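These notes are about the structure you will find just below.
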Amino acid sequence: AMRHLPYFCRGEVVKGFGRGSKELGIPTANFSEQVVESFPSDISTGIYYGWACVGNGDVHKMVLSIGWNPFYKNIKKSVETHIIHTFKEDFYGEILSIVITGYIRPEKNFDSLEALISAIQEDIEEAKRQLDLPEHLKLKEDNFFHLPERKMLNNH
Ligand code: ADP
Ligand code: MG
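Just so it is clear: in the sequence shown, position 5 is 5 by full-length UniProt numbering, and no numbers are missing.
Okay, here's the thing in structure tokens:
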């Protein structure tokens, strides 16, 4: 799972398939199918962590899931980023830049919604701890988050 890390990726935030992540208090910004297709095909599904930035905004901690996309009968992957920050507004259509720096665990099925939510809360706590370590923290300052090309991608 670590072979492709750190992994840098940038793309538009699109509408997901309404799993109700936001209702659970853990909204996940979905990348388009095109961006997902550009990922290494052998990257493991599961929960990862790293850094994320919306448009030209600040860089925040994030947890990310690479999973099987139910919309495509689980033959295609989906990549969803939960940014550990409270945003005033949704940011559909904006450019999300991420660097994935570490892996937490494989995908799991949960017996209850409560079990799912508490697992995600643990993932978030784990991500926060790991990202404070120097080897992960250094990627927060990576030039990737400060490149002028982002402006072009953003149609400015
Ligand atoms: P969808 O099924 O469309 O992905 P979600 O319930 O997963 O819907 O909500 C995701 C949307 O919520 C994102 O596309 C973004 O616009 C918004 N959002 C607001 N705060 C966050 C956050 N902290 N992390 C990720 N997305 C967020
Ligand atoms: Mg989502």
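We put the CB at the ideal spot given by N, CA and C, even for glycine. Here the structure is a predicted model, which is why all the values come from computation and not from measurement.
query: Buried or exposed: which applies to W51, given that a residue is buried once 16 or more other Cβ atoms fall within 10 Å of its Cβ?; result: buried
query: Spell out the partners DSSP gives L133 in its beta bridges.; result: DSSP, once it has assigned bridges, lists no residue as partnering L133.
query: In angstroms, rounded to a whole number, what distance separates the CA positions of F91 and F8?; result: 20 Å
query: Using a Cβ-Cβ cutoff of less than 6 Å, which residues in the same chain neighbour Y48 once the five nearest sequence positions on both sides are dropped?; result: L64, I100 and Y103
query: Using DSSP's beta-bridge definition, name the partner residues of E12.; result: I95
query: So, helix, strand or coil for F31, using DSSP?; result: strand
query: Quick check on DSSP: helix, strand or coil for residue 157?; result: This structure does not reach residue 157, given that the chain is present from 1 up to 156, and the question cannot be answered.
query: Round the Cβ separation of K61 and L133 to the nearest angstrom and send it over; I've been treating them as touching at under 8 Å.; result: That pair is no contact at about 12 Å.
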